[in-house]
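This report concerns only the one structure given below.
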Amino acid sequence: MNCKDVIKMIPDFLNNDLNGRELKSFIEHMERCKDCKEELSIQFLVQEGMARLEGGDIFDLQNEFDRVMEDARRKMRIGRIINYIVYGIEILVIITILTIIILIIVL
Ligand SMILES: [Zn+2]
């Protein structure tokens, strides 16, 4: 994914609209691309700042941003663990089926 695609995904990220695979590519890009992270940080501060302004609470936005990134990373890790579990189950099912086939042939 290039920077242009990532920048286009920022509003969806901020609205929590990215699916697992998109989120993974998005975060991975953010971790190695300072320019996009900067852009994300700005858009986050603007969006969140506007919302906070109405509520009169504009403190700690930088911390808030760090928290959003941490949440996204955690979500990504959980998604990866679930993927591993699904792969594991699939492999187990295949092994079981193969075993049954071999037993049928041998017996
Ligand atoms: Zn980039």
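First residue of the sequence shown? That's 25 in this note's numbering, and the numbers climb one at a time after it. A virtual CB, placed ideally from N, CA and C, is assigned to each residue, including glycine.
Three-way DSSP call (helix, strand, coil) for residue i in this model
i, result
"M25", "coil"
"N43", "coil"
"L131", "coil"
"D59", "helix"
"D84", "coil"
Which listed residue (the options) has its alpha carbon closest to that of residue i
i, options, result
"E88", "G103, N107, E72, K99", "E72"
"L47", "M33, R56, C60, A75", "M33"
"E52", "L122, I126, E94", "E94"
"M25", "L42, A75, F50", "F50"
Cβ neighbours of residue i in the same chain (closer than 7 Å, five flanking residues each side left out)
i, result
"L38", "Q67, F68, Q71"
"G44", "G103"
Closer than 7 Å: residue i CB and nearest ligand 2 heavy atom
i, result
"D59", "Questions concerning ligand 2 fall outside what the structure shown contains, since the ligands it does hold are ligand 1."
Other residues of its chain near residue i: CB distance less than 8 Å, five sequence neighbours each side excluded
i, result
"D59", "C27"
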